[in-house]
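Some notes on the structure that comes next.
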Amino acid sequence: MHFLILAILIPFIAAACIPFIHRRIGLINIGWLVLAVPLALFIVFVFQIPVISSGETISASIDWIPSLGINFTVFADGLSLILALLITGMGTLVILYSIYYLSPRDSLPHFYAYLLLFMGAMLGVVLTDNLLVLYVFWELTSISSFLLIAFWYHRKNSRVGAQKSLLITVFGGFGMLAGFLMLHVMTGSYSIREIISVIGQHTDHTLYYPALFLVLLGAFTKSAQFPFHIWLPDAMEAPTPVSAYLHSATMVKAGIYLVARFTPIFGGTASWFWTVTLVGLATLFWGAFCAVRQTDLKALLAYSTVSQLGLIMSLFGMGSAALHYGAAPEGAVYGLATFAALFHLVNHSTFKGALFMVVGIIDHQVGTRDIRRLGGLIAFLPATLTFAVIGSFSMAGLPLFNGFLSKEMFFTASINAVGLPLFSAAAWGWIIPVIAWTASVLTFVYSMILVFQTFFGNYHPKKLDKKPKEAPLGMLISPAILSILIIGIFFAPNLLGDHLLKPAMATLLPGVAGAAPHISAWHGVNAELLMTLGVFAIGAVLYAFLRQWKKIYGLLPENWAFNFLYTNFLSGLERKSAQLTGSYMTGHLPHYFTYIFVFFILAAGGSLLLSGGLTFDFANDAPLPAYEVLLAVVMMIAAIAIVFAKSRLTAILLNGVLGYSIAIFFVLFRAPDLALTQLVIETVTTALFLLSFYNLPEWQTEKSAKKTKIRNAIIAISGGLTITLIALSVNGTRLFDSISSFYEDSYELTGGKNMVNAILGDFRAFDTLLESLVLFIAGLGVFTLIRLKGGKETRKHGDQ
C-alpha cells in the first residue's frame, strides 16, 4: 500500500489500538507511545521535500465506488506537503507537551485517541483528491474536534463550546458539500485536479457562482471567519494542548487550505477576489479589536487567532488576481500576496503554537490566566517569559522574528491591491491597506498586553491560586523548539521559501511566471517600512494609554454581539421547537394514530385522485368461489367485532381469527411457505399478547365524546376505503410488465428450487441482512437492559 494512504490510515489504526494497549502498559504514560505516530509521519514527509521541491507530485489511488467515480485518491504537492508537515510536526510537539501538561487523573486514552482521530482526519483533508472523500474527512475533523473541545465534559463551558463549534462547522460543511456536488454536475468529475484542468470551459455555467459561495461557506465556518468566528473563543475551554494544535496549526487551517486549493478553480474572478479579501480583512480587524479587550490570556489568543486567520485569508483573496494575468509581469506582482499567505501560514503556526503553550504553562504553574491577577512573573518564569517574548514579538511583526517578514509582505500585497486595475480595485482598493494597517496596530497592542501585563509590573501573590514556579523541562521543550524556528526562519527564510513555498506557489497559481519572490528582511526605505514604523509608534502610544481609551468597549451594546445573537437564536429555536413538539406530542396514543392515518389518507388518496390513477378493470379477474367469499365475510365480522370487544382476551382472540384466516388464504392460493410463516408468526404474536396483557389492569372502556367517535369512524372508514381503492387500482392498472417472470427463473439464476427462499436469500439478500441486523441490535438492547437491571439490583442488595 502506498505510503500516502498509510499516512492517513496509521493515526486511525493507532487510535483504535489505544484502549487495548493502555491496559497492558501499566503506569507508563501512553503519550510516549502515541508520540511515535506523528514523529514517524513527520520524518516520512520531510523525506518527500526534495521530490516536491523539484516540481513533482506524488499520488496513489484505491478503487472505492468506481461506478460513481468515487475513489480513495491521494496526492501530495507543495501545498498539501506544507499542511502535512504542520499537522505531523505540531502534532509531535503538542503530544510531547501534553505528556507533562495533563494530569494522570485525566482520561489519557480517550484524549490521545481523539487526538489521533483528528490527526488522521486532517491528513485526509489535505492529501485527498476526491471531493466526496474530502468531505468525509472534513466532517471527521468536526466530530473529533468536538470530542477534544468537550474533553473536560464535566464543565458546562466545555460542552457549550463543543456544541457551538460542531453546529457552525457542520452547517458550513453541508453548504460545502452542495458546492462540491455542483462542481461535479458542471465538470462530470469529483477529482480536484481534473476539475482544475477543465473548469475554464464551465465558468459561464449557472452553477459556477453558487458553487463558489457554497465552498466559501464551508471554508469560512471552519477557519472562523467573520461572522462565523464566534465558535473559536468558546472552543478555548479545551485543554491547552488541544488549543495549541487545533486552533493554531490544524483545524482552523483546514478552511484556509480549502480556499488555497480552490483558488485555481474560482480565482481570477471579481466575486472570489472581493469576497475572500473583504471577509478576511473584516475578520482581521474584528479579531484584533476584540483581542485587546480580553482579560483571559487564552481568550486573547483566541481572538488573535481569528485575526491572524483573517490576515491569511485576505492574502489569498488578493493573490487570486494573479490568475487573471497569468504569465504577464502583473501576475508576479499580485501573486506575491499568495506567497505571503503561505509564508504567514507557517509563521503563524510557529508563534501561535508557542504562545498557546506559554499560556498553558502559566495556567498550569500559577493557577490562573486572568490578566487582572497576573503580573511580576518575570522572576518566577524566566524561560516561559523568553518564549512569550519571542512568540508575541513575532505576532506583532517586530524584526528578528519570522512574523516580521510575512507582515512586510502583507503590507506590500495590500499596497499592490490599490493599483489593481481589475474588479474596481482602483476605486475601492484603498480600503485594503487602511484596514491592514489599523488591524496591525491593534495586533501590536494585544501582543504587548500579553507580555508586559503578565510578566512585568507588580506581583500579586494573594490573587494567585498557588506560588509560581518554572515549568518542568519536558513542558518547555516544545515551545523552545518553536521559538528556535521563529528566529531561525527570520535568518534563513529562503530555505523554507525555496523548498516548500515556491512549489506550493506553482500549484496555486499555475501559469503565473516568476511569482515566488526572494525573501529578505531589508528592502530599503519604502512604504511598507513606513507602515511598519507607524504600527510600532502608534501601537506603543495606544498601549501606554490603554486604560483611557479602552473605555470605548463599554459603549458597544451587548445585544449587538454575535454571541448574543447566536445564543438568542438557539434559545428561540429551542423554545419554538418545544412549543411545536408539545402541540402534537401529547402522550395520547389515539392522537398519534390520528396523525398517521390522516396523513396517509391525504397523501395516498390525494395522489391517487390527482394523478388519475383511480381506474378499475375487473375483466380479467378470476371468479370468487363460495368458500373464499365465506372466509372474507368471517374476517370482516372478526374485524368489526374487535371494535366492540369488552375484554382484552376477546380482542386478542378476534385478532387471531384475522391472522389465521390470512394463513388459510395463503393455503388456498398455493403458497404453503407463506402460510406456514403466517401461522408461526400469528401463534407467537397471540401468545405474547396474552402474556403481556395478563399483567395489565382490568379493561377500562374509554368513554369518548360523540364528536371524537364520529371523527374516529370517519378516519377509519376513509383509511380502509383508501387502501381498498389503491388495491383495486393497482390490480386494474399495469404501467409496467410484471417482474414475476424474472423470479420464475430463480433456479437458473440462483440454484434455488424454492422461489421464496431464493428471493429472500439471493435477490433481496442485502435487505434480509439488514433485517437480521435489526433483530441482532434489538437483542443486544434487551440483553443490555436486563444486565443493567440485574446490576442495579445486585448493587442495591450489596449496599443493604
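In terms of UniProt numbering, the sequence shown has 141 at position 141, counting the first letter as 1, and numbering is strictly consecutive.
Glycine included, each C-beta is placed from N, C-alpha and C at the ideal position.
* Inter-residue spacing [alpha-carbon to alpha-carbon] between Ile52 and Val74 -> When rounded, the distance between both Cα atoms is 15 Å.
**Item:** Rounded separation between Asn712 and Val215 - CA only
**Value:** 51 Å
Point to revise | Helix, strand or coil at Thr581 according to DSSP, with G and I counted as helix | key: helix
Helix, strand or coil at Phe111 according to DSSP, with G and I counted as helix: helix
- Item | Span of the beta strand (DSSP E), counted from its first residue to its last, around Thr73 | 70-76
Less than 9 Å between the C-beta atoms of Leu246 and Phe111, yes or no?
One thing to note: Leu246 has its Cβ no nearer than 9 Å to the Cβ of Phe111.
### Query
When DSSP labels each residue in this structure, what does Ile312 get in the three-state scheme?
Helix.
Review point. DSSP puts Ile65 in a beta bridge; with which residues?
Key: According to DSSP, which records beta bridges pairwise, Ile65 is partnered with Ile70.
With distance defined between alpha-carbon atoms, name the residue in Asn71, Gly78, Phe444 nearest to Ile49.
A check of alpha carbon separations from Ile49 across Asn71, Gly78, Phe444 identifies Gly78 as the nearest.
Check: Taking the C-alpha atoms as reference points, what is the distance between Ile65 and Tyr135?
Finding: 15 Å
When we look at the beta-carbon of His344 and count the other beta-carbons within 10 Å, is it buried (16 or more) or exposed? It counts as buried.
_Can you tell me whether Asp363 is helix, strand or coil according to DSSP?_
helix
Inset, instruction - Put Phe12 into one of helix, strand or coil per three-state DSSP. - result: helix
Nearest-angstrom beta carbon gap, Gly391 and Val358 [assumed within contact, 8 Å]: Approximately 6 Å separates the beta-carbon atoms of Val358 and Gly391; this is inside 8 Å, confirming the contact.
Pull up the DSSP beta-bridge partners for Asp296, would you. Asp370
Checklist entry - I think Leu127 touches Ser80, with their Cβ atoms under 8 Å apart; what is that distance to the nearest whole Å? => result 5 Å
Checklist line | Option nearest Val37 by Cα separation, candidates Leu6, Arg23, Glu56 | finding: For Val37, the closest alpha carbon among the candidates Leu6, Arg23, Glu56 is that of Leu6.
Helix, strand or coil for Ile435 per DSSP? helix
Those residues which DSSP pairs with Ile58 across a bridge
Looking at the DSSP output, Ile58 sits in a beta bridge with Ala76.
*asked:* Going by DSSP in three states, Ser191 sits in which element: helix, strand or coil?
replied: strand
So Asp234 and Gly161 are in contact, right, with Cβ under 8 Å, and what is the actual spacing, rounded? 4 Å
| Who are Asn754's beta bridge partners in DSSP? | According to DSSP, Asn754 bridges with nothing at all.
* To do: Compute the distance between the beta-carbons of Ala641 and Leu649, then report whether it is under 9 Å.
  => no
Per-residue burial, Phe669 [other beta carbons within 10 Å of its own, 16 or more giving buried]: Here Phe669 is exposed. Its C-beta has fewer than 16 other C-beta atoms within 10 Å.
- Through-space distance from Ile362 to Gly376, alpha-carbon basis: C-alpha separation (whole angstroms): 12 Å.
Local conformation of Thr615 per DSSP, three classes: coil
Buried or exposed by the 16-neighbour rule on C-beta atoms within 10 Å, applied to Ala527:
exposed
Original post:
When you compare only the Cα positions, how much space is there between Tyr257 and Leu83?
Top reply: 8 Å
message = Helix, strand or coil for residue 840? Go by DSSP, reduced to three states.
response = Because the chain here runs from 1 to 800, residue 840 falls outside it and cannot be looked at.
- Item | Sequence-distant residues of the same chain with beta carbon closer than 7 Å to Leu496, five excluded per side | Excluding sequence neighbours, Leu496 sits near Val346, Ile489.
Please classify Glu771: is it buried, with 16 or more other beta-carbons within 10 angstroms of its beta-carbon, or exposed?
-> That one is exposed.
Should Lys156 be labelled buried (16 or more other beta-carbon atoms within 10 Å of its own) or exposed? exposed
Worksheet item: Should His154 be labelled buried (16 or more other beta-carbon atoms within 10 Å of its own) or exposed?
Response: Flag for His154 reads exposed.
(request) Tell me, please, whether the region 277-294 touches the region 431-440 by the rule of three or more beta-carbon pairs shorter than 8 Å. (result) They touch, by the three-pair rule.
Cβ of Val512 within 9 Å of Cβ of Gly255?
Between Val512 and Gly255, the gap from beta carbon to beta carbon reaches 9 Å or more.
Q.
Quick check on the DSSP output: the alpha helix (DSSP H) that includes Asp673 runs from which residue to which?
A. That run of the alpha helix (DSSP H) goes 672-694.
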